[in-house]
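**Student:**
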Amino acid sequence: GQKDYDPLLVGNVKGRKCILVDDIVNTGKTLIGAIQQLKGSGAETVYAWATHGVFVTPDNNAPEMLQQIDALEFLLISNSVAQAKQLPDKVVQLNVAPLLAEAISRALHNQSISGILNLEGVKAERYDS
Numbered sequence: 010g011q012k013d014y015d016p017l018l019v020g021n022v023k024g025r026k027c028i029l030v031d032d033i034v035n036t037g038k039t040l041i042g043a044i045q046q047l048k049g050s051g052a053e054t055v056y057a058w059a060t061h062g063v064f065v066t067p068d069n070n071a072p073e074m075l076q077q078i079d080a081l082e083f084l085l086i087s088n089s090v091a092q093a094k095q096l097p098d099k100v101v102q103l104n105v106a107p108l109l110a111e112a113i114s115r116a117l118h119n120q121s122i123s124g125i126l127n128l129e130g131v132k133a134e135r136y137d138s
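Residue numbers (our numbering): 10 to 138.
#1: Please confirm if the stretch 120-129 is in contact with the stretch 82-102, defined as three or more CB-CB distances below 8 Å between the two stretches.
#2: For A112, I'd like the list of residues in its chain whose CB is within less than 8 Å of its CB, leaving aside the five on either flank, ordered along the chain.
#3: What do you get for V34, buried or exposed, if any count of 16 or more other CB atoms within 10 angstroms of its CB means buried?
#4: What residues in its chain sit with their C-beta under 6 Å from that of C27, if we drop five residues either side in the sequence?
#5: Which term fits A59, buried or exposed, when burial requires 16 or more other beta carbons within 10 angstroms of its beta carbon?
#6: Classify L62 as helix, strand or coil using the three-state DSSP reduction.
Quick look at the structure:
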């Protein structure tokens, strides 16, 4: 895989709220580089979302590194990968079990899965607290 990554920003983010989306966060280096690029380019706030937070090795300090990044409001990850330790406050884990259960149920009953995307009445809560 690629060893070095230079983020490339396209467009003007000055005074904007920015959301970074990625599939996997492991070492956090790519994410931290992108956060710093956005903030250095004038972004008002930076949020991040990654489907999988792969912080499972004992020596992985990515969550703690992300916690120290002032420019990051929070990183949202799913609970698709079990975490060996408590995550810091800026790393929020979202429980995807109800979503998966609903999708399976709808598929078994020949119902629309895309109807799940209706977000009315959604209640946000921390999964890992």
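Positions of the beta carbon are idealized from the N, C-alpha and C atoms, including for glycine.
**Tutor:** Looking at the atomic coordinates:
#1: Contact check between the stretch 120-129 and the stretch 82-102: fewer than three CB pairs, one atom from each, fall below 8 Å, which does not count as touching.
#2: Only I122, I125 meet the Cβ criterion.
#3: The residue in question, V34, is buried, as its Cβ has 16 or more Cβ neighbours within 10 Å.
#4: The residues L47, A52, V55, in chain order, have a CB closer than 6 Å to that of C27 in the same chain once the five nearest residues on each side in sequence are set aside.
#5: Label assigned to A59: buried.
#6: The amino acid occupying residue 62 in the given sequence is Gly; Leu does not appear at that position. Strand at G62.
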